[in-house]
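Protein chains in written order, with this note's numbering: chain S, 15 to 506; chain X, 27 to 677.
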């Protein structure tokens, strides 16, 4: 096999660029900005060969790199991607560009550190999706939290300490249990942290259940599954726009990715045994949280709750153990990334002008910002799962996967068609429609060219995915089929 | 040019128009914007004519354009099915849309959202065409929701009005309730037929029709009945059947041209079209068709009653639309799908005509919609008057106007049905004829005859609308007069629909019509002696007596009919129930879940309880200041510590 290091580039290029950006002086704003944008764009460009050279028919991992890291414990710097991780790497690298552009004029304090934090975070997150060694995965998985803490802590709102403690506590338990599970598997796999070897192990059901629960403790928090979701609304409210974008678009997905990469293939029997629990939690998330979203007064909290609700579809789809369910959950993750980015950027656009996110402070915005209103309409419809937008693809496929398993799962999930439209359109009505309600709204100015640019990019993505999802599904079939085989095998 | 590209042109031409007017509207200006959209729809109409000619020469088409998605062994496509049913809908949609586009030039000429309006109605035309031309359930659902979106945008077109943005949210959500059922129906079809292509699904019906589904353990239902009822719930939302009808009267908050196009002629008939398209499925479930029959009949009669007490001219026409959709639904229940489509077509013409005529009146009256402030308008609006008269006679079913043929056929069809509920349906649609005639001519007389009740200023400015408004009225009046007579021959007596509609010979209620009548004149002569016509005439006479000759009587009747009037004026309390119970109940449930679930239980007890315990413990451990990185480093080190310890324990 030819030597290639695209995966290493995708991790280390943004981290190096981030370090360079951190070194720039506060006075030379322009240099900081151009260097950050350059770093983000270059980091995205190096991931494109992954798509171009990806073989959608090959089974197993591609672009594999392996270098011994800590020989004493047989820990390796071991990277590789399949059809599932491919899309998350592309997505993450792309989102970083949007985050840089979104912070362009808005961030006034510690600009260099802000941009650096996002670039470094981007590289570390790619590491999560590319690691094939459990310790390497663990390091990346935990290390991504540092930039996120900094982002919330330094550029966050007044309640950031509370939000961070919550996040911290949730994560603490999960991480330790996951690490313990890794160590157990290390011995079982004959002193190896190779994730693929973990997947080939035959473990007894009680052991599988314990390991499943240990993973669950970590991934459920990250994926903000009900009832481990309450850190998310608080973290969102306190985080600056860029932080919210990364939290919703990427961080949540690392948890769901964990279920796909670890829980299902390593503990398939436990996954089946406990699927009732997982399905229940997912459906509670879809419906309960949609109702909670309905009554939120803060726009960001509303979108945060809607994220939890949409993530309910992701976990529901995963535990259907069929092609439609799992492909649907991957599609839903990608779509939710687009939609939540769009929503948080739009709230950012309003917040930058009015410095409030209270729904009641707005009304009649369409009179002053018609172009913005049109953008937000489209994003709201994508969030409500309108066919033709990306939002439809994932939910539709998951519902089809669910109906094959049990009609009532589909009934409960499909009820989101009503509630998902209710909370987002009710918010839209109160913020955008009506007469201009106060003098602040009367002074609003419509989106600038920079804002139009990043919103238009997401519009293109939302439509591209909504009208031609085949582009994505054709590359994930092989990996999903393999995953289904692994997760249906009885191991004990 | 190949036929496939011609098919493609039909939906794409309006889409191009919509994009140009929507994205570049400000640059292009008003005139270019309306020109490109009108040309788009005109092209679409002409192409539809050419396709119709081709179809009736025997060239049907069923093919895919591209593969939308594959998942597992399933694939989803975007494609067209071109057959007589499709072209009928294409012609109705593009013709009415063209009329409405032209009309809008006059009606909306001084509205600041002029270009946006044209963009929306062209976008609607695109979505509606994709819906009717689809060859599979997925694309049907696409079009289904897309027309719902445009309807939402257009009801809330005047977004500063709080009533308009209330109405559009309501319309969207009520339609979503229908779509919820529809989507589950589609899901069950995929799960049991392993395809969403019409042709594949229909061909598999014989294998699947006896399957059962267990929804609650121990009870099983016929799978086909469950699927058909779920699909019909979708139709109930879009075609506004009770109890999902509540959004349609409120949708009158939108500008009048869209009331004609979307909320009378085309979108609301999507449900009727869908059930006809699915006739191979619905034919195997008597239970589902009984449900359809009863719901349609109830809508036909009870919504007609509400038309009687309205004063807003548009609301009268709106309730009349609800009632007429009920008639079409009854025809579906009676397995008379061709009759339902026939009535759909004639209704599209005369109801669009009535709405546009109402719009012409409203335009002349400076946006006054209350009929109590109108009267005697025939002098001022002669063209509107004549065309509205044609529309009203067609709606009442007076021969030889279009509505006579299609409505009489529905009454005939239901009398031949043996389903459970057919007797009730027959009573409802027959009685409905009288009520329809009464409210229609009540509206007609209150508007065009009697005392001139408008204020002095309005009266001075009264004048007939410009040609862009009257021309569509005239062009719609022609089919309202002739379509019934001309089309009953081929559509009902001939084999117009061919294979596009499947009717089980045992349910066929039309064969006696085919045996009895060979030409439209014979049908008409027979109708002159029948009960429905005399009910219609009595309705008109009663309206004339009450509103032309003794205009004081109605107020007295209203004062005397306390309870009934209260029930009617509250729309049978549907809105009350939805608002007080469903919508407030949901919001209050959301508040409770948030307060007691998230805030108290999860955060208060679980998270912060743990936090307090841990911080008590941690306070003893830490002397350094608290920082997040510090916390974090602590765990990392702790983790490594555990790792090392285990390493040593295992040796």
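Each residue gets a CB set at the ideal place from its N, CA and C atoms; glycine is no exception. Just so you know, these numbers come straight off a predicted model, no measurement behind them.
Query                                                                                                                                                                                              : Result
Is there a Cβ of chain X sitting closer than 7 Å to that of residue 222 of chain S, yes or no?                                                                                                     : no
Closer than 7 Å, CB to CB, is residue 63 of chain X near chain S or not?                                                                                                                           : no
Looking at the unbroken alpha helix (DSSP H) that takes in residue 105 of chain X, where does it start and where does it end?                                                                      : From DSSP, residue 105 of chain X is part of no alpha helix (DSSP H) but of the beta strand (DSSP E) over 100-108.
Residues of chain X with a CB under 8 Å from the CB of residue 171 of chain S: which are they?                                                                                                     : Per Cβ cutoff of 8 Å: no residues; residue 171 of chain S is ~15 Å from chain X at best.
Could you name the residues that DSSP lists as bridge partners for residue 586 of chain X?                                                                                                         : According to DSSP, which records beta bridges pairwise, residue 586 of chain X is partnered with nothing at all.
How long is the line joining the alpha carbons of residue 76 of chain S and residue 261 of chain S, rounded to whole angstroms?                                                                    : 27 Å
If residue 141 of chain X and residue 59 of chain X are in contact, beta carbons under 8 Å, what's the gap, nearest whole angstrom?                                                                : 4 Å
Residues of chain S with a CB under 7 Å from the CB of residue 617 of chain X: which are they?                                                                                                     : 309
Does residue 492 of chain S have its Cβ less than 7 Å from a Cβ in chain B?                                                                                                                        : Chain labels in this structure do not include chain B; the protein chains are S and X.
Starting from residue 81 of chain S, trace the beta strand (DSSP E) both ways and give me its first and last residue.                                                                              : 76-84
For residue 480 of chain S, is the beta carbon positioned less than 6 Å from some heavy atom of the ligand FAD?                                                                                    : With respect to the ligand FAD, the structure offers nothing, as it holds no ligand at all.
Cβ of residue 328 of chain S within 7 Å of Cβ of residue 347 of chain S?                                                                                                                           : yes
What number of angstroms, rounded off, separates the C-alpha of residue 473 of chain S from the C-alpha of residue 139 of chain S?                                                                 : 25 Å
Using a Cβ-Cβ cut-off of 7 Å (strictly less than) and excluding sequence neighbours within five positions of residue 512 of chain S, which residues of its own chain qualify?                      : As displayed, chain S neither begins before 15 nor continues past 506, which places residue 512 of chain S out of reach and without an answer.
Entirely within the region 146-180 of chain S and at least 4 residues each: give me those alpha helix (DSSP H) ranges in chain order.                                                              : 148-157, 159-169
Grouping DSSP H, G and I as helix and E and B as strand, with all else coil, what is residue 245 of chain X?                                                                                       : strand
On the criterion of 16 or more Cβ atoms from any shown chain inside 10 Å, does residue 245 of chain S qualify as buried, or is it exposed?                                                         : buried
For residue 97 of chain X, which three-state DSSP category applies?                                                                                                                                : strand
Out of X:367, X:414, X:71, X:375, state which residue places its alpha-carbon closest to the alpha-carbon of residue 387 of chain X.                                                               : X:414
Compare the C-beta of residue 447 of chain S with all C-beta atoms of chain X and state if any pair is closer than 7 Å.                                                                            : yes
Considering only residues of the region 380-439 of chain X, which uninterrupted alpha helix (DSSP H) runs meet the minimum length of 4 residues and lie entirely inside it, listed in chain order? : 408-422
Thinking C-beta only, is residue 355 of chain S closer than 7 Å to residue 445 of chain S?                                                                                                         : no
Checking contacts by CB at 7 Å: is residue 484 of chain S closer than that to chain X?                                                                                                             : yes
Would you kindly report the start and end of the unbroken beta strand (DSSP E) that includes residue 439 of chain S?                                                                               : First-last for residue 439 of chain S: 430-446, but that is the alpha helix (DSSP H), not the beta strand (DSSP E).
So, does the region 134-150 of chain S touch the region 484-499 of chain S, judging by three or more C-beta pairs under 8 Å?                                                                       : no
Just to confirm the assignment, what range does the beta strand (DSSP E) spanning residue 72 of chain X have?                                                                                      : Taken as a continuous stretch (DSSP letters only), residue 72 of chain X belongs to no beta strand (DSSP E), being part of the alpha helix (DSSP H) at 51-82.
If you compare alpha carbons, which of X:283, X:464, X:417, X:420 is closest to residue 125 of chain X?                                                                                            : X:283
Is residue 419 of chain X buried or exposed, if buried means 16 or more other CB atoms sit within 10 Å of its CB?                                                                                  : buried
Roughly how many whole angstroms lie between the Cα atoms of residue 448 of chain X and residue 267 of chain S?                                                                                    : 55 Å
Residues in its own chain within less than 8 Å of residue 570 of chain X by CB, not counting five upstream and five downstream?                                                                    : 467, 471
Between residue 40 of chain X and residue 116 of chain X, what straight-line distance do the alpha-carbon atoms span, to the nearest angstrom?                                                     : 13 Å
Can you give me the Cβ contacts of residue 206 of chain S inside the same chain, cut-off strictly under 8 Å, excluding the 5 residues immediately before and after it?                             : 88, 200
Check the DSSP bridge columns for residue 160 of chain X and list the partner residues they point to.                                                                                              : X:106
Name the chain S residues whose beta carbon is nearer than 7 Å to that of residue 203 of chain X?                                                                                                  : 432
By DSSP's criteria, residue 239 of chain X is part of a beta bridge. Which residues make up the other side?                                                                                        : X:247
DSSP three-state call for residue 29 of chain S: helix, strand or coil?                                                                                                                            : helix
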